[in-house]
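What follows is a short report on a single structure.
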Amino acid sequence: MFAFNYIYNSILPFSESTLQKKSLLFTPFTVTGNLLLDIPGNSMHNKGNRNYASDECPFCFIERELEQNSLDFVLGNSSSYMESDIRDQTDKAGFCRVHMKKMFDYGNTLGNALILQTHYHKLREEMRKQFDSFSPGKSSVLARFRRSDSSADKNPIAAWTAFKDCSCFICQNIEDTFKRYVETFFWLYRQDNEFKNKILRSKGFCLHHFGILCNGADKYLNDKEKAEFYPAMFRLMDENFQRMEEDLVWLSDKFDYRNKDADWKNSKDALQRGMQKLRSGYPADPVHKAK
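Here my numbering = 1-based position in the sequence shown + 209.
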């Protein structure tokens with residue numbers, strides 16, 4: 210497995226001692242900077258075309274960084290696809306539909322071709338084994354009318370192809386690293402009051418990552434901490450979903466001719482922020498390409 214070194218100058222300012230504690234939790238990952246939260250009234254900072262100080266969800270930002278760094282690792286100047294151990298991993302795992310498209314958009318035709326070439330070879334070996342061990346199940350009138358989602362009733366070739374559909378080298382690396390960010394989030398939430406207060410004054414989280422946080426709370430917080438955490442997070446989410454709804458209402462109202470000259474307020478980018486808040490990600494992002 211490869212290791213990422215992340216330097217996030219974008220994520221929540223707090224003390225040097227806290228940063229040192231945070232980095233210890235990320236061996237072999239080095240994380241410096243903040244946790245990506247906007248404090249109402251702060252000025253907005255730019256990293257290229259990315260506005261991270263006023264992000265609707267800090268974990269969306271982190272996930273995008275992980276994904277883009279993964280794409281750079283797989284296809285970028287490091288030429289990791291020429292390393293036998295990395296190629297063994299990509300041959301075995303393959304890539305999901307979403308990341309296959311992003312790899313195509315990224316560029317590097319030669320790198321993509323070499324990765325796919327050996328992946329096809331590995332896949333054909335697996336496929337032949339599946340074909341050799343396959344025997345059609347016996348048909349019956351009753352079976353045609355029976356509805357079952359049991360894996361025992363599933364066609365083995367269909368089960369294998371479904372597994373391959375979900376297998377992705379990039380997804381797996383993002384997931385493995387993201388878990389450590391969630392763990393670190395809760396460590397800081399418990400240990401650092403400044404961090405905790407900035408969370409409570411932030412714009413909250415998207416619905417997708419909020420669900421992940423709720424699972425993390427059950428894992429990393431004790432009963433007393435959960436009794437405080439959940440009401441605070443519920444309040445934070447409700448307030449920020451209300452804010453998002455109000456921005457979308459005003460965005461719609463701006464199309465009324467009577468509001469033609471009225472101020473946009475915070476609604477100009479409400480559409481993409483509203484989509485992010487519901488499903489995570491950045492719908493207005495440009496394609497991430499090779500540098």
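Ideal Cβ placement from N, Cα and C applies to all residues, glycine included. Here the structure is a predicted model, which means the values were calculated and not measured.
Residue i versus residue j: straight-line alpha-carbon distance, rounded
| i | j | result |
| --- | --- | --- |
| Gly346 | Ala302 | 28 Å |
| Asn402 | Gln298 | 41 Å |
| Phe213 | Asn468 | Bear in mind that the predicted position of Phe213 carries a pLDDT of just 28, short of 50, making it too unreliable to give a figure here. |
| Arg259 | Glu448 | Confidence is the limiting factor: at Arg259 the pLDDT is only 48, short of 50, which leaves the residue's position unreliable, though a coordinate-based value still follows. Going from the Cα of Arg259 to the Cα of Glu448 covers about 24 Å. |
| Phe395 | Ser279 | 25 Å |
| Ser293 | Tyr329 | 16 Å |
| Met442 | Arg410 | 11 Å |
| Arg488 | Glu455 | 18 Å |
| Asn255 | Tyr315 | Confidence is the limiting factor: at Asn255 the pLDDT is only 44, short of 50, which leaves the residue's position unreliable and the question unanswerable from this model. |
| Asp427 | Tyr439 | 10 Å |
| Lys474 | Asp264 | 17 Å |
| Ile366 | Arg306 | 19 Å |
| Phe464 | Lys477 | 12 Å |
| Asp462 | Met453 | 14 Å |
| Arg337 | Phe343 | 10 Å |
| Pro495 | Cys269 | 15 Å |
| Ala371 | Gln400 | 42 Å |
| Lys433 | Lys388 | 23 Å |
| Asn321 | Arg444 | 46 Å |
| Trp369 | Tyr466 | 56 Å |
| Asn286 | Lys363 | 43 Å |
| Glu334 | Lys373 | 13 Å |
| Lys500 | Phe340 | 42 Å |
| Phe187 | Ser288 | Lying outside 210 to 500, the shown extent of the chain, residue 187 is not represented and no answer is given. |
| Asn382 | Gln451 | 34 Å |
Nearest-angstrom Cβ-Cβ length linking residue i and residue j, presumed shorter than 8 Å
| i | j | result |
| --- | --- | --- |
| Cys266 | His497 | So it is not a contact: roughly 19 Å between Cβ atoms. |
| Leu275 | Thr393 | That pair is no contact at about 14 Å. |
| Tyr398 | Lys405 | 5 Å |
| Gly483 | Leu457 | 5 Å |
| Cys446 | Gly413 | First, the amino acid is wrong: residue 446 is Met here, not Cys. Indeed, because the Cβ distance is near 5 Å, the residues count as touching under 8 Å. |
| Gln481 | Ala471 | Contact flag wrong, Cβ pair sits at about 21 Å. |
Check whether residue i and residue j have beta carbons under 8 Å apart
| i | j | result |
| --- | --- | --- |
| Leu325 | Tyr290 | no |
| Arg296 | Thr327 | yes |
| Met312 | Leu332 | no |
| Lys486 | Cys423 | no |
| Ile271 | Tyr390 | yes |
| Ala479 | Leu460 | yes |
Decide yes or no for the touch test of the segment 371-381 against the segment 300-319: beta carbon pairs closer than 8 Å, at least 3 of them. Yes, they touch.
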